[in-house]
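Enquirer: Counting along the sequence shown from 1, when you hit position 99 you're at 98 in numbering that gives the first Met the number 0, and nothing is skipped either side. Ideal Cβ positions, reconstructed from N, Cα and C, are used throughout, including at glycine.
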Amino acid sequence: MSGETDLIKLYSGQILQLAAAIPNTDRLENPDASVKKRSPLCGSTVTVDIKIEDGRIASFGQDVKACALGQAAASVVGAHVIGQNRDGIEAARNALKTMLKEDGRTPPAPFDGLEVLRPARDYKNRHASIMLALDATAEAFEAAEQANCA
């Protein structure tokens, strides 16, 4: 029963608030890139659309079909992604992965709100869902840059 109680605690009020208020949920009409990522363990998906101007995200849209943890991560990402460059997105993604897998540092501002997901480090089967929004955004950024170079 202890494991079940710990899992219930994982879904804190703050995580549930973030999950209920995901920003930028409208898909973009003509994105520079669109990427859909899926967690194979739970089936959660996040689709991200971005437009890039001057090396930064100018517009962002996302469709989130994920558990509360994946939704909370998408909420933090969606709230702070506009204006970010590729290095900032990749730094946040790498820090989140390290935070979850190795109890590393909190992702750098403005993505430091992802700290709320630190208790999920003990639930490896939830990591992929938490990573979806940043993984999709990083991949979309790379695709948009490659498309603009072609």
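Examine the Cβ distances between the segment 70-77 and the segment 109-121 and report whether three or more of them are shorter than 8 Å.
Expert: Yes: at least three Cβ pairs fall under 8 Å.
Enquirer: Within 10 angstroms of the Cβ of Asp86, are there 16 or more other Cβ atoms? Answer buried if so, exposed if not.
Expert: Under this definition Asp86 is an exposed residue.
Enquirer: If we count Cβ pairs, one from each stretch, closer than 8 Å, do we get three or more for the segment 87-105 versus the segment 30-44?
Expert: Because the criterion of three Cβ pairs below 8 Å is not met, the segment 87-105 and the segment 30-44 do not touch.
Enquirer: Could you pull the start and end residues of the alpha helix (DSSP H) that Ile14 belongs to?
Expert: Run containing Ile14: 12-19, per the alpha helix (DSSP H) assignment.
Enquirer: Which residues in the same chain as Ala139 place their Cβ atom closer than 6 Å to its Cβ, once the five residues preceding and following it in sequence are excluded?
Expert: Excluding residues within five positions, the ones whose Cβ falls inside 6 Å are Ala32, Val34, Val47, Ile49.
Enquirer: Quick check on Gly60: does DSSP put it in helix, strand or coil?
Expert: Looking at Gly60 - three-state DSSP - the assignment turns out to be strand.
Enquirer: Ignore the nearest five residues each way along the sequence and tell me which others in Ala132's own chain have a CB closer than 6 Å to its CB.
Expert: The answer, listed in chain order, is Val45, Ala72, Ala73, Val76.
Enquirer: My assumption, with CB atoms under 8 Å, is that Thr24 sits in contact with Gln83. Please give the rounded CB distance.
Expert: The pair is not a contact, with the Cβ atoms about 18 Å apart (cut-off 8 Å).
Enquirer: Nearest-angstrom Cα distance between Gly103 and Arg117?
Expert: Distance between the alpha carbons of Gly103 and Arg117 is about 9 Å.
Enquirer: Is Ile21 closer than 7 Å to Ile56 when the C-beta atoms are compared?
Expert: No, the pair does not count as a contact, with Cβ atoms beyond the cut-off.
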